Amino acid sequence: MNDLSIAATQSSPAVNSNWQHGLLSMCGDSYPENSFELFDPVINWVERYLDESDAPLRLELHLLYLNTSSIKAVMDIFDLMEEAHRRSRPVSVCWYYDEDNPRAAELAAEFKEDCSFPFDILSKTS
Amino acid sequence: MREEMGLEQRVEALLEDPAYTGHPLKQILAELFTEYREQLRQMERITRISDHYQSMARDSNLSLAERYQKQMRQLEKIARISDGYQHMLHDLNQALRQASTHDPLTGLANRRLILDSLHAEIGRCERNGAHLSVVMVDVDHFKLVNDRYGHEAGDLVLVEVARYLQRDLREYDLCGRWGGEEFLLLLPETHATEAMSVVERMRLGMRQLVIMVGDVDVTVSASFGVAEHRLGASVNDTIKRADAAMLAAKRAGRDRSELAQ
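Chains P and F are the protein sequences, given in the same order.
All residue numbers for the first sequence refer to the numbering used here, where the first residue is 1 and numbers rise by one.
All residue numbers for the second sequence refer to the numbering used here, where the first residue is 127 and numbers rise by one.
Right, here's the structure in full:
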């Protein structure tokens, strides 16, 4: 089980997981000094959840700024989800962006490019 | 191959022929034939294994190439997205800088940028003795415009006045919104007398300005106070003198320009 509950800092997002509901959310800016330290547990959680359960996984992202290694980590998570999707596992992503900043939606679309599972890019009114 | 099969068949036939039972060569031939069969079997096995290895190596090469391609694609994508975030950040920074130094209504420099520029210009005056004039401009009876036509009309008047004030300025002059209906002009390399003639022209031109508010034409005038910076004086002193001159113009009946003492 072991859910994640990581508080946000100025340079890293809040991360919360809910195994029971198959939900993982990340919220905030991400330019941590050590991105492996932050994302390793997250990637592990996703791997474990996809291995040990067969319930759907839903990712909710409210990410503003991502540095390069955070981009890599997020892509790794999407790769895991894509593999699971190919095995007919229901997985989905909701990527929320601030409607004042449409550039963020364009970047989310770049992430979406290689994903064949449901991937929604939604504006939120601030 | 056919000949070989033929040979094997002939040897088998001879070995089975009872006519040679007990013949000393038959025993040797039988052993030799068994040995030969075993060698053949071994050879086929080795060939099979070798083929298998070859195809495995080929497969692993392929998957290595595939993995390499995939990594390259991922790397390119990461770089592309990362560049996107850099651009986004850069643009947001610029928007933030613009917002922190400009008035959102008129797009003019705000008080912060006016003061920064004034400090820089006065620094230059102090170093090389250049002249600098500062002009305080206040729209006359602005409150009446607001009261009579509403705040939106008032805003429109401010936007038009701002556009007018900027129109004939030189590239290195600065026009900013000091607050409310007050504007401040910075005229570097300009004596008080030159500044006065610039300002007189501006004042007369402003009376010709017709601003359409709905279906009403609104005309405005303004009072101007001109102060030339005195060497050694502070930024504050110079602004205060321009302000005092502007108030003197107001007291003298508005739609006037006054030179600071």
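We put the CB at the ideal spot given by N, CA and C, even for glycine.
All values reported here derive from a predicted model rather than from experimental measurement.
Interface residues of chain P around residue i at Cβ under 7 Å?
i, result
"GLN200(F)", "MET75"
For the beta strand (DSSP E) that contains residue i, what are its first and last residues?
i, result
"LEU218(F)", "Not the beta strand (DSSP E): LEU218(F) falls in the alpha helix (DSSP H), residues 150-227."
"ASP343(F)", "342-345"
"LEU122(P)", "119-124"
"PRO41(P)", "Here PRO41(P) belongs to no beta strand (DSSP E); instead the alpha helix (DSSP H) covers 35-52."
"ALA353(F)", "348-354"
So, is residue i buried or exposed, given that buried needs 16 or more other C-beta atoms within 10 angstroms?
i, result
"MET127(F)", "For MET127(F), the pLDDT reaches just 48, beneath the cut-off of 50, and the residue's location in the model is therefore unreliable, although a value from the coordinates is still provided. It is exposed - the Cβ of MET127(F) has fewer than 16 other Cβ atoms within 10 Å."
"VAL283(F)", "buried"
"MET198(F)", "exposed"
"GLY340(F)", "exposed"
"VAL42(P)", "buried"
"LEU313(F)", "buried"
"GLY305(F)", "exposed"
"ALA221(F)", "exposed"
"ARG356(F)", "exposed"
"LYS72(P)", "buried"
Indicate the three-state DSSP secondary structure (helix, strand or coil) for residue i in the structure shown.
i, result
"SER70(P)", "helix"
"SER323(F)", "helix"
"ASP114(P)", "coil"
"ARG289(F)", "helix"
"THR9(P)", "coil"
"GLY331(F)", "helix"
"HIS21(P)", "coil"
"ASP294(F)", "coil"
Would you mind telling me which residues of chain P sit closer than 8 Å to residue i, beta carbon to beta carbon, in chain order?
i, result
"GLY210(F)", "ARG103, GLU106, LEU107 and GLU110"
"ARG238(F)", "Per Cβ cutoff of 8 Å: no residues; ARG238(F) is ~23 Å from chain P at best."
Quick check on residue i - is its C-beta less than 9 Å from some C-beta in chain F?
i, result
"LEU130(P)", "One cannot answer for residue 130(P) here, as it falls past the ends of chain P, which runs 1 to 126."
"ASP40(P)", "no"
"GLU83(P)", "no"
"ASP114(P)", "yes"
"ARG87(P)", "no"
Is the shortest distance between the beta-carbon of residue i and the beta-carbons of chain P less than 9 Å?
i, result
"HIS213(F)", "yes"
"ILE207(F)", "yes"
"ASP294(F)", "no"
"LEU218(F)", "yes"
Cβ closer than 7 Å: which chain F residues qualify as neighbours of residue i?
i, result
"LYS72(P)", "ILE204"
For the alpha helix (DSSP H) containing residue i, name the first residue and the last one.
i, result
"ASN16(P)", "First-last for ASN16(P): 14-18, but that is the beta strand (DSSP E), not the alpha helix (DSSP H)."
"TYR96(P)", "Looking at the DSSP string, TYR96(P) is not in any alpha helix (DSSP H); the run it does join, the beta strand (DSSP E), is 91-98."
"ALA246(F)", "237-254"
At a cut-off of 8 Å, is residue i close to the ligand PLP when judged by its beta-carbon and the heavy atoms of the ligand?
i, result
"LEU357(F)", "As for the ligand PLP, it is missing from this structure, which has no ligand bound."
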